[in-house]
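Below is one structure; the comments refer to it alone.
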Amino acid sequence: MGSGKKPLMAMVLATVVLATTVACGGEGAGGGTELRFFYWGSEARRKMTEEAIRKFEEKHPDIKVVGEFSGFADYYETLATKVAADEAPDVITIEIRGLREYAERGTLADLTDAVDTADIDAKVLATGTIGGKRYAIPTGVNAWSLVVDPEAFRKAGQKLPDDTKWTWDEYASLAAAITAGTGGRIYGAQQAFNPAFLQIFAAQRGERFYDGNRIGVSPRTLKAWWALHRKLVDTKGSPGVARTVELAAQNVDRSLFATGNVAMGMWWSNELGAISKAAGGKQLGLLRMPKAGDAASGGMFLQPAMFYTVAERSPHRAAAATFIDFMVNDPDAGGIVLSDRGLPANAKVLAAVTGKLPDVDKKTVAFLKEVAGELTDPPSAPPKLASAMEDILRRYTHEVLFGRMSPDAAAQKFVTEANASIAG
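Using mature numbering (1 follows the signal peptide of the UniProt record, and there is no 0), the letters of the sequence shown map in sequence onto residues -25 to -1, 1 to 399.
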């Protein structure tokens, strides 16, 4: 569920294959080991990753790392092509939603004891373990949170809520009041359909998103979630349905924050910096998610922003583990990458680099420390083929919001289709 990205299995028509090739036998020009490291992201991520690679090579001159970089839209289809051709990179970046799929098909190596994990939170680390084997090491952590623009609240004549006890009804009413208070110039909320949102909403009602290899969210909870979306539209707390659907598919640089026309929105906490930049450097903040009135738990959780893994058939597994160890445990790497792959998962690295973080990222560190005692356990890797879930959920949400399907019918069909998808 990382950062509102496109579902993995929806990319089957992608045709881009990276042109980077491997030196003969995986050996560098000087006879040392050559690793291939596959990752996705922005141009800024590519530049900082190349800087980190150079620092690693300074410390390990016998290991050369060739970065293979892709935009996210083509990443997983390109990875699938490489794996099918028996050309899997040595080190592979992957999200939690695709982890089980690649681990259980035998693509990934067991990294138990291969990388030092002593300073990584045990519960976060456990998300990379399947069937007793540690296939993945978290790069960093984030939490699905509410982003707010205090200036927009002031313009609307509204105060920031007490997020330790506010409810979904209060959230919807506040959104409507902000829109009304600015004459529609600023919307109260930009909506999101990410499964992480539904996961938190369901946890507050005592339900899991996945119950083993089946969907754990009940039709009743789905209908309540859709009713909240509908209420925001009907009370003008958010834009109309067509605009809401359009915005939910956009990156942060095309969000309502980027144009100064919204007070609240939901994103992963590590995106706060990018949202603030898109908003022209505004001082944005993070709040806890609202709760159901009688909820025993807020349902928020830490999740690895992504993982580092090693190909099972890599001829250089020890060197690959050394590179991962550097990326997650070395303060020099942390000082370069900073929060780009989530706040560092290694507590000592986070402490070492916090002073170097931009002020907006320091806000994220402070927020996650504030809510740490309230968080539920991180979710385990979802079932195989769960990578299609975001697309399935979005599709039925659209059907309900556009009035093409009743909430009752959509809820039943979602559960049926989702269960069929993860059953394979």
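Ideal placement from N, C-alpha and C gives every residue a C-beta, glycine not left out. The structure presented is a predicted model; accordingly, all values stated were derived computationally and were not measured.
Return the bridge partner residues of Val66 from the DSSP annotation.
Within the sequence shown, the letter at position 91 stands for residue 66. Looking at the DSSP assignment, Val66 forms a beta bridge with Phe12 and Val285.
Beta strand (DSSP E) containing Pro136: first to last residue?
Your numbering for residue 136 matches position 161 in the sequence shown. Looking at the DSSP string, Pro136 is not in any beta strand (DSSP E), and its letter there is neither H nor E.
In angstroms with no decimal places, state the Cα-to-Cα distance between Gly103 and Leu74.
The sequence position of residue 103 within the sequence shown is 128, counting from 1. The sequence position of residue 74 within the sequence shown is 99, counting from 1. Taking the straight line from one Cα to the other gives about 8 Å.
At the level of alpha carbons, what is the spacing between Ala341 and Leu332?
Walking along the sequence shown from the start, residue 341 turns up at place 366. Walking along the sequence shown from the start, residue 332 turns up at place 357. Their Cα atoms are separated by approximately 12 Å.
Report yes if the C-beta distance between Pro113 and Val90 is below 8 Å; otherwise report no.
Taking the first residue of the sequence shown as 1, we reach residue 113 at position 138. Taking the first residue of the sequence shown as 1, we reach residue 90 at position 115. For Pro113 and Val90, no; Cβs fall outside 8 Å.
Could I get the ranges of all uninterrupted alpha helix (DSSP H) runs contained in the stretch 156 to 242, with 4 residues as the minimum, in chain order?
Runs of the alpha helix (DSSP H) inside the stretch 156 to 242: 170 to 178, 194 to 209 and 216 to 223.
Could you tell me if Ser381 is buried or exposed, where buried requires 16 or more neighbouring beta carbons within 10 angstroms of its beta carbon?
On the sequence shown, residue 381 is found 406 positions in, with the first residue counted as 1. When all chains shown are included, Ser381 counts as exposed.
How would you call Ala308, buried or exposed, if buried means at least 16 neighbouring beta carbons within 10 angstroms?
Start at 1 with the first residue of the sequence shown, and residue 308 comes out as number 333. Buried: at least 16 other Cβ atoms inside 10 Å.
Suppose the cutoff is 6 Å on Cβ atoms and the five residues either side in sequence are ignored; what does the same chain contact list for Thr210 look like?
Here residue 210 refers to the residue found at position 235 when the sequence shown is read from its first residue. These residues qualify, in order along the chain: Ala151.
Considering only DSSP beta bridges, list what Val40 is partnered with.
Translated into the one-based positions of the sequence shown, residue 40 becomes position 65. According to DSSP, which records beta bridges pairwise, Val40 is partnered with Leu10.
For Leu54 and Ala78, what's the separation of their Cα atoms in angstroms?
Here residue 54 corresponds to residue number 79 of the sequence shown, with the count starting at 1. Here residue 78 corresponds to residue number 103 of the sequence shown, with the count starting at 1. Distance between the alpha carbons of Leu54 and Ala78: 14 Å.
Which one or two residues does DSSP pair with Asp315 in a beta bridge?
Mapped onto the sequence shown, residue 315 falls at position 340. Gly317.
Mind checking Thr297: buried by the 16 CB within 10 Å criterion, or exposed?
Numbered from its first residue, the sequence shown carries residue 297 at position 322. The residue in question, Thr297, is buried, as its Cβ has 16 or more Cβ neighbours within 10 Å.
Can you give me the C-alpha to C-alpha distance between Ala101 and Thr339, rounded to a whole angstrom?
Numbered from its first residue, the sequence shown carries residue 101 at position 126. Numbered from its first residue, the sequence shown carries residue 339 at position 364. Answer to the nearest angstrom: the Cα atoms are 23 Å apart.
Thinking Met275 and Glu349 are a contact (beta carbons under 8 Å), I'd like their distance in whole angstroms, please.
Residue numbering aside, residue 275 sits at position 300 when the sequence shown is read from its first letter. Residue numbering aside, residue 349 sits at position 374 when the sequence shown is read from its first letter. Rounded, the Cβ-Cβ distance is 7 Å, consistent with contact.
Would you give the residue range spanned by the beta strand (DSSP E) that Gly268 belongs to?
Your numbering for residue 268 matches position 293 in the sequence shown. No beta strand (DSSP E) holds Gly268; DSSP gives it neither H nor E.
Output yes or no for whether 8 Å exceeds the beta carbon distance between Thr82 and Arg109.
Along the sequence shown, read from residue 1 onward, the residue named residue 82 stands at position 107. Along the sequence shown, read from residue 1 onward, the residue named residue 109 stands at position 134. For Thr82 and Arg109, no; Cβs fall outside 8 Å.
Are there 16 or more other CB atoms within 10 angstroms of the CB of Phe377, so buried, or fewer, so exposed?
On the sequence shown, position 402 is the one that residue 377 refers to. That one is exposed.
Alpha carbons only, please: which of Pro136, Leu203, Ala171 and Arg180 is nearest the one belonging to Asp144?
Against the sequence shown, residue 144 aligns to sequence position 169. Nearest of Pro136, Leu203, Ala171 and Arg180 to Asp144, Cα basis: Leu203.
Going by alpha carbons, who is nearest to Arg183 out of Val237, Pro354 and Ala270?
Numbered from 1 along the sequence shown, position 208 holds the residue referred to as residue 183. Checking every option, the nearest Cα to that of Arg183 belongs to Pro354.
Just to confirm, are Ala63 and Arg288 a CB contact at a threshold of 8 Å?
Locating residue 63 in the sequence shown gives position 88, counting from the first residue. Locating residue 288 in the sequence shown gives position 313, counting from the first residue. Contact: yes.
If you follow the alpha helix (DSSP H) that Ile250 is in, where does it begin and where does it stop?
Indexing the sequence shown from 1 puts residue 250 at position 275. Element bounds for Ile250: Leu247 to Ala253.
Quick one, which of Ser17, Met23 and Val390 has its alpha-carbon nearest Leu313's?
Locating residue 313 in the sequence shown gives position 338, where the first residue counts as 1. With distances taken between Cα atoms, Leu313 lies closest to Met23.
Does the beta-carbon distance from Ala254 to Ala167 come in below 8 Å?
Translated into the one-based positions of the sequence shown, residue 254 becomes position 279. Translated into the one-based positions of the sequence shown, residue 167 becomes position 192. Cβ distance not < 8 Å, so Ala254 and Ala167 don't count as in contact.
Once DSSP output is grouped into helix, strand and coil, what is the label at Glu2?
Reading the sequence shown from its first residue, position 27 is the one you call residue 2. Low confidence applies to Glu2: its pLDDT is 47, below 50, so where it sits in the model is not reliable enough to give any reading.
CB Gly317 to CB Val116, shorter than 8 Å?
Taking the sequence shown and counting its residues from 1, one reaches residue 317 at position 342. Taking the sequence shown and counting its residues from 1, one reaches residue 116 at position 141. It is a contact, given that the beta carbons lie within the stated cut-off.
From Ala393, Glu18, Tyr371 and Ile28, pick the residue whose C-alpha is nearest to that of Trp201; which is it?
Position 226 of the sequence shown, counted from the first residue, corresponds to residue 201. Ranking Ala393, Glu18, Tyr371 and Ile28 by Cα distance to Trp201 puts Tyr371 first.
Please state whether DSSP places Thr104 in a helix, a strand or coil.
Residue mapping note: residue 104 aligns to position 129 of the sequence shown, counting from 1. Note: Thr104 maps to strand in three-state DSSP.
Where Ile105 and Ala111 are concerned, what is the direct C-alpha to C-alpha distance, given to the nearest angstrom?
For the purposes of this step, residue 105 is taken as the residue at position 130 of the sequence shown. For the purposes of this step, residue 111 is taken as the residue at position 136 of the sequence shown. For Ile105 and Ala111, the distance between alpha carbons rounds to 9 Å.
Apart from the five residues just before and just after Trp15, which ones in its own chain have a Cβ nearer than 7 Å to its Cβ?
Numbered from 1 along the sequence shown, position 40 holds the residue referred to as residue 15. If we look at Trp15 and ignore the five residues flanking it on each side, its Cβ neighbours are Ser45, Gly46, Phe47, Tyr50 and Thr68.
Taking just the CA atoms, how far does Pro279 sit from Ile95?
Residue 95 sits at position 120 when you count from the first residue of the sequence shown. Residue 279 sits at position 304 when you count from the first residue of the sequence shown. Near 11 Å, if we compare the C-alpha coordinates of Pro279 and Ile95.
Figure out for me which residue from Glu70, Glu25 and Phe12 has the closest Cα to the Cα of Leu360.
Here residue 360 refers to the residue found at position 385 of the sequence shown. The candidate whose alpha carbon is nearest that of Leu360 is Glu70.
Write down the C-beta distance between Pro357 and Arg180 rounded to the nearest angstrom, noting that I regard them as a contact closer than 8 Å.
Residue 357 sits at position 382 when you count from the first residue of the sequence shown. Residue 180 sits at position 205 when you count from the first residue of the sequence shown. Their Cβ separation, rounded to whole angstroms, is 19 Å, which puts Pro357 and Arg180 out of contact at 8 Å.
Given this structure, state the Cα-to-Cα distance separating Asn321 from Gly330, to the nearest angstrom.
For this step, residue 321 is matched to residue 346 along the sequence shown. For this step, residue 330 is matched to residue 355 along the sequence shown. Straight-line Cα distance between these residues: approximately 15 Å.
CA-CA distance, Trp141 and Gln225?
Walking along the sequence shown from the start, residue 141 turns up at place 166. Walking along the sequence shown from the start, residue 225 turns up at place 250. Cα-Cα distance, rounded: 28 Å.
So, under 8 Å CB-CB, residue 405 and Val123 are touching, yes? Tell me the CB distance rounded to an integer number of Å.
This structure does not reach residue 405, given that the chain is present from -25 up to 399, and the question cannot be answered.
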